[in-house]
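When we follow the numbering used here, the leftmost residue of the sequence shown carries the number 796, and every step to the right adds one.
Take a look at the structure set out below.
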Amino acid sequence: MIIPSTANPNSARNDGTRSFALNPDIANIIKNFGSNNWEEVEIFLSNQITL
796 MIIPSTANPN SARNDGTRSF ALNPDIANII KNFGSNNWEE VEIFLSNQIT L
């Protein structure tokens, strides 16, 4: 769900100045939650590995 920012891809994971971003696919799911496009979310989730 969370991906490293491209601003400084070589920074250490514990670097306090490192930025992170929301995966664009996940952002789209959040935007469509509860909307008329909810079926698109179900299709996306059907193609993903779950825990």
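Cβ atoms here follow ideal geometry from the backbone N, Cα and C, with glycine treated the same way.
Proximal residues to asparagine 827 (C-beta, below 8 angstroms), its chain only, five neighbours per side dropped: Looking up residue 827 in the sequence shown gives position 32. Excluding sequence neighbours, asparagine 827 sits near Trp833, Glu835, Val836.
Who does leucine 817 pair with in a DSSP beta bridge? Here residue 817 is taken as the residue at index 22 of the sequence shown, counted from 1. According to DSSP, leucine 817 bridges with Ile797.
Mind checking which residues open and close the alpha helix (DSSP H) that includes phenylalanine 839? Counted from its first residue, the sequence shown places residue 839 at position 44. That run of the alpha helix (DSSP H) goes 833–841.
If I measure Cβ to Cβ from isoleucine 798 and keep anything under 6 angstroms in the same chain, skipping five residues before and after, which residues do I get? The residue given as residue 798 occupies position 3 in the sequence shown. Ala816, Asn818.
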